[in-house]
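Asker:
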Amino acid sequence: MTKTGKIILGIVVVIVAIGLIYWGISSLSQTKVANEPIKIGYVGALTGKSSYIGTYIKNGLDLAVEEINAAGGINGRKLEVIYEDSKSETNEAVKGVTKLIDVDQVPIVVGFDSSSSVLAAAPIAEQNKVILFAPIASAVEITNAGDYVFRNRESSYLHGEKMAELAFNKLNLKTTCIVTVNSENGLGYQAGFVKKFEELGGTISKIDNYVKGEKDFRTILTKVKEANPQAIYLAGYAIDMAEIIKQANELGIDSQLLASAGIETKDLFTIINPPIGNGLIYSYPAFDPNDPAIADYQKKYEAKYGNKSEAFAANSYDAMRIIAKALEVCGSDISCVKNEIYKVKDYPGAGGLTTFDQNGDVVKPIIFKTIKDGQFVNYQ
Numbered sequence: 001m002t003k004t005g006k007i008i009l010g011i012v013v014v015i016v017a018i019g020l021i022y023w024g025i026s027s028l029s030q031t032k033v034a035n036e037p038i039k040i041g042y043v044g045a046l047t048g049k050s051s052y053i054g055t056y057i058k059n060g061l062d063l064a065v066e067e068i069n070a071a072g073g074i075n076g077r078k079l080e081v082i083y084e085d086s087k088s089e090t091n092e093a094v095k096g097v098t099k100l101i102d103v104d105q106v107p108i109v110v111g112f113d114s115s116s117s118v119l120a121a122a123p124i125a126e127q128n129k130v131i132l133f134a135p136i137a138s139a140v141e142i143t144n145a146g147d148y149v150f151r152n153r154e155s156s157y158l159h160g161e162k163m164a165e166l167a168f169n170k171l172n173l174k175t176t177c178i179v180t181v182n183s184e185n186g187l188g189y190q191a192g193f194v195k196k197f198e199e200l201g202g203t204i205s206k207i208d209n210y211v212k213g214e215k216d217f218r219t220i221l222t223k224v225k226e227a228n229p230q231a232i233y234l235a236g237y238a239i240d241m242a243e244i245i246k247q248a249n250e251l252g253i254d255s256q257l258l259a260s261a262g263i264e265t266k267d268l269f270t271i272i273n274p275p276i277g278n279g280l281i282y283s284y285p286a287f288d289p290n291d292p293a294i295a296d297y298q299k300k301y302e303a304k305y306g307n308k309s310e311a312f313a314a315n316s317y318d319a320m321r322i323i324a325k326a327l328e329v330c331g332s333d334i335s336c337v338k339n340e341i342y343k344v345k346d347y348p349g350a351g352g353l354t355t356f357d358q359n360g361d362v363v364k365p366i367i368f369k370t371i372k373d374g375q376f377v378n379y380q
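What follows is the structure in structure tokens.
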């Protein structure tokens, strides 16, 4: 062999060797990725005032993840949830999202016990092209929070409108006072109610907004009593509304009580004792824990947690199931996952038929419920 031929042969051998090394490294890398779990971030209140909400969301998420992993995961890859406690504070939620994205490099974050947390975290998710999925946030501003932001809870504004229609048209209530928490969520309920109630011909006698964590509502309620409205519309956290109901009863206020969906939690009855609260009417997602269509979900939920699911846990369960379906189609392409979620139409979930519009908002029906002897029952 000539000298030139030897050189060429040597070059070929080197090229082949490099190719084999690259192929081996690439194969090992692909195998490693294929065996690694898909990380999902959770940010929500596990401690603090809103921990009951955060726990509902976590319960639904965990049940879905457990079932998905037991069935083999997503295309052979298991799901791994990394938890961050927001401590019921917006700034802690932002810290949690930032850590999940920067340190843990999660492509998807689920959770959030308040609309303010979603709105504060949304720009971070958008900037990093990370999907943010909120199962229970209802502030109207979330509609325009970003292309990567989804929620499967109806807007508070829509709930307010529906309650106003019920109050005026069916309950024949013409005067109302409003007491809501001073937050995006509470003000959304208020705005929807005021607009629709006044359009129908009703009169808003008085509006009061309180700061989250307020304990003494007697000053507000004394003024409400003086206004003598036919109804009082409450929107806020269950514990706050429980205090308002209790103190209104102590002041002898007998106006019809109306409330937002957050009233439905067993924690309500740690503050008020039946028959106090009887007859209160509230709007709620069209979720029936006794619906035969979700009997399998309820059975699994009760087996795991010892009690029946409510809408917040069901929404969270559905959120993870919807995300999983998109991941099966798209793999690690998060832009594709986002687009798949936008395509969801009439998904038969535990929380009811779920459809997403062009803004990532859910389209679901709203029902009315009432309190009867310490139980939450459908309003007829």
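Going by the UniProt record's numbering, the letters in the sequence shown line up with residues 1 to 380, in that order. Every residue, glycine too, gets a C-beta built ideally from N, C-alpha and C. Keep in mind it's a predicted model, so treat the numbers as computed, not measured.
1. Alpha carbon to alpha carbon, how far is Glu161 from Asp208? Give it in angstroms, no decimals.
2. Would DSSP call Thr90 helix, strand or coil?
3. Which ranges would you report for the alpha helix (DSSP H) in the segment 40-108 if only whole runs of at least 4 residues count?
4. Touching or not, the segment 44-51 and the segment 82-90, by the rule of three or more beta carbon pairs under 8 Å?
5. Taking just the CA atoms, how far does Cys336 sit from Leu28?
6. Enumerate in chain order the residues of its own chain whose CB-to-CB distance from Glu226 is below 8 Å, with the five nearest sequence positions on each side excluded.
7. Do Ile281 and Leu166 have their C-beta atoms within less than 9 Å of each other?
8. Only counting the same chain, and skipping five residues up and downstream in sequence, which positions put a Cβ closer than 8 Å to that of Lys308?
9. Can you give, in chain order, each stretch of the beta strand (DSSP E) that sits fully within the segment 258-294 and has at least 3 residues?
10. Pull up the distance between the alpha-carbon of Glu214 and that of Asp240, whole angstroms please.
11. CA-CA distance, Asp62 and Ile253?
12. If you draw a straight line from the C-alpha of Ala311 to the C-alpha of Gly351, how long is it?
13. Closest to Tyr157 by C-alpha separation, out of Gly349, Asn69, Ala261, Ala231, would be which residue?
14. Determine the extent of the beta strand (DSSP E) in which Thr354 is found, giving its start and end residues.
15. Return the chain-ordered list of same chain residues with a C-beta closer than 7 Å to the C-beta of Lys223, the five sequence neighbours on each side being excluded.
16. What span of residues does the alpha helix (DSSP H) with Thr222 cover, start to end?
17. Would you list, in sequence order, the uninterrupted beta strand (DSSP E) runs of no fewer than 3 residues that lie entirely inside the segment 131-160?
18. Compute the Euclidean distance between the alpha carbons of Lys338 and Arg151, then round it to the nearest angstrom.
19. Using a 10 Å radius around the Cβ and a threshold of 16 neighbouring Cβ atoms, would you call Leu200 buried or exposed?
20. Please report how far the alpha carbon of Val179 lies from the alpha carbon of Phe269, in whole angstroms.
21. Along the chain, where does the alpha helix (DSSP H) that runs through Gln127 open and close?
22. Could you give the distance in angstroms between the alpha-carbon of Val181 and the alpha-carbon of Leu187?
23. Mind checking Pro292: buried by the 16 CB within 10 Å criterion, or exposed?
24. Using CA atoms only, rank isn't needed, just tell me which of Leu132, Pro274, Thr176, Val344 is closest to Val194.
25. Is the beta carbon of Ile38 less than 9 Å from the beta carbon of Leu79?
26. For Gln30, I'd like the list of residues in its chain whose CB is within less than 7 Å of its CB, leaving aside the five on either flank, ordered along the chain.
27. Return the chain-ordered list of same chain residues with a C-beta closer than 7 Å to the C-beta of Gly44, the five sequence neighbours on each side being excluded.
28. Might you give, ordered along the chain, the residues of its own chain that have their beta carbon closer than 6 Å to the beta carbon of Ala313, omitting 5 neighbours on each side?
29. Buried or exposed: where does Ser155 fall if 16 or more other Cβ atoms within 10 Å of its Cβ makes it buried?
30. Roughly how many angstroms lie between the CA atoms of Asn35 and Glu126, to the nearest whole one?
31. Under 7 Å Cβ to Cβ from Gly374, same chain only, skipping five residues before and after it: list those, please.
32. What's the C-alpha gap between Pro348 and Thr354?
33. Taking only the alpha-carbon atoms, compute the straight-line gap between Ile371 and Leu327 and give it to the nearest angstrom.
34. What's the C-alpha gap between Val332 and Lys95?
35. For Ala93 versus Ala120, is the C-beta spacing smaller than 9 Å?
36. When DSSP labels each residue in this structure, what does Gln30 get in the three-state scheme?
Answerer: Quick answer:
1. Position 208 of the sequence shown, counting from 1, holds the residue named residue 208. Position 161 of the sequence shown, counting from 1, holds the residue named residue 161. Taking the straight line from one Cα to the other gives about 18 Å.
2. Here residue 90 refers to the residue found at position 90 of the sequence shown. Thr90: helix per DSSP, three-state reduction.
3. 51-70, 90-102
4. yes
5. As a first step, residue 28 must be located in the sequence shown, where it is residue number 28. As a first step, residue 336 must be located in the sequence shown, where it is residue number 336. Reliability of the predicted coordinates at Leu28 is poor, the pLDDT of 40 falling under 50, and the value obtained from them is presented with this limitation in mind. C-alpha separation (whole angstroms): 25 Å.
6. Sequence index remark: in the sequence shown, residue 226 carries index 226 (1-based). Correct list: empty, nothing qualifies.
7. Within the sequence shown, the letter at position 281 stands for residue 281. Within the sequence shown, the letter at position 166 stands for residue 166. In contact: Ile281 and Leu166 (Cβ atoms closer than 9 Å).
8. Translated into positions along the sequence shown, residue 308 becomes position 308. For Lys308, where only same-chain residues beyond five positions count, the Cβ hits under 8 Å are Pro289, Gln298, Tyr301, Glu302.
9. 281-285
10. Residue numbering aside, residue 214 sits at position 214 when the sequence shown is read from its first letter. Residue numbering aside, residue 240 sits at position 240 when the sequence shown is read from its first letter. So the alpha carbons of these two residues sit roughly 7 Å apart.
11. Numbered from 1 along the sequence shown, position 62 holds the residue referred to as residue 62. Numbered from 1 along the sequence shown, position 253 holds the residue referred to as residue 253. The alpha-carbon atoms of Asp62 and Ile253 are separated by roughly 42 Å.
12. Residue numbering aside, residue 311 sits at position 311 when the sequence shown is read from its first letter. Residue numbering aside, residue 351 sits at position 351 when the sequence shown is read from its first letter. Answer to the nearest angstrom: the Cα atoms are 6 Å apart.
13. Translated into the one-based positions of the sequence shown, residue 157 becomes position 157. The candidate whose alpha carbon is nearest that of Tyr157 is Ala261.
14. As a working mapping, residue 354 is identified with position 354 in the sequence shown. Note, Thr354: beta strand (DSSP E), 352-356.
15. To locate residue 223, count along the sequence shown from 1; it is residue 223. Lys206, listed in sequence order.
16. Position 222 of the sequence shown, counted from the start, is the residue given in the question as residue 222. 218-227 is the extent of the alpha helix (DSSP H) around Thr222.
17. 131-134, 149-151
18. Position 338 of the sequence shown, counted from the start, is the residue given in the question as residue 338. Position 151 of the sequence shown, counted from the start, is the residue given in the question as residue 151. Spanning the two alpha carbons is a distance of roughly 12 Å.
19. For this step, residue 200 is matched to residue 200 along the sequence shown. So Leu200 counts as exposed.
20. Counting from one through the sequence shown, the residue named residue 179 turns up at place 179. Counting from one through the sequence shown, the residue named residue 269 turns up at place 269. If you take the alpha carbons of Val179 and Phe269, they lie about 20 Å apart.
21. As a position in the sequence shown, residue 127 is number 127, starting the count at 1. Note, Gln127: alpha helix (DSSP H), 115-128.
22. As a working note, residue 181 is residue 181 in the sequence shown. As a working note, residue 187 is residue 187 in the sequence shown. Approximately 7 Å between the Cα atoms of the pair.
23. Translated into positions along the sequence shown, residue 292 becomes position 292. With fewer than 16 other Cβ atoms within 10 Å, it is exposed.
24. Locating residue 194 in the sequence shown gives position 194, where the first residue counts as 1. The candidate whose alpha carbon is nearest that of Val194 is Thr176.
25. Locating residue 38 in the sequence shown gives position 38, counting from the first residue. Locating residue 79 in the sequence shown gives position 79, counting from the first residue. For Ile38 and Leu79, yes; Cβs fall inside 9 Å.
26. For the purposes of this step, residue 30 is taken as residue 30 along the sequence shown, with counting starting at 1. Confidence is the limiting factor: at Gln30 the pLDDT is only 44, short of 50, which leaves the residue's position unreliable and the question unanswerable from this model.
27. Position 44 of the sequence shown, counted from the start, is the residue given in the question as residue 44. Closer than 7 Å at Cβ, skipping near neighbours: Gly54, Ile57, Lys58, Ser86, Gly111, Phe112, Asp113.
28. Translated into the one-based positions of the sequence shown, residue 313 becomes position 313. Around Ala313: Tyr56, Asn59, Gly60.
29. Locating residue 155 in the sequence shown gives position 155, where the first residue counts as 1. By the neighbour-count rule (16 or more Cβ atoms within 10 Å), Ser155 is buried.
30. Residue numbering aside, residue 35 sits at position 35 when the sequence shown is read from its first letter. Residue numbering aside, residue 126 sits at position 126 when the sequence shown is read from its first letter. Going by the C-alpha atoms only, they are around 28 Å apart.
31. One-based indexing of the sequence shown puts residue 374 at position 374. Cβ neighbours of Gly374 beyond the five flanking positions: Phe269, Pro274.
32. Residue mapping note: residue 348 aligns to position 348 of the sequence shown, counting from 1. Residue mapping note: residue 354 aligns to position 354 of the sequence shown, counting from 1. The alpha-carbon atoms of Pro348 and Thr354 are separated by roughly 7 Å.
33. What you label residue 371 is simply residue 371 of the sequence shown in a count that begins at 1. What you label residue 327 is simply residue 327 of the sequence shown in a count that begins at 1. For Ile371 and Leu327, the distance between alpha carbons rounds to 40 Å.
34. Here residue 332 refers to the residue found at position 332 of the sequence shown. Here residue 95 refers to the residue found at position 95 of the sequence shown. Sequence check: residue 332 is Ser here, not Val. Looking at the two C-alpha atoms, the distance is approximately 25 Å.
35. By 1-based counting over the sequence shown, the position of residue 93 is 93. By 1-based counting over the sequence shown, the position of residue 120 is 120. Contact flag set, yes.
36. Within the sequence shown, the letter at position 30 stands for residue 30. Here Gln30 scores only 44 on pLDDT, less than 50, and its place in the model should not be relied on; the value that follows carries that caveat. Helix at Gln30.
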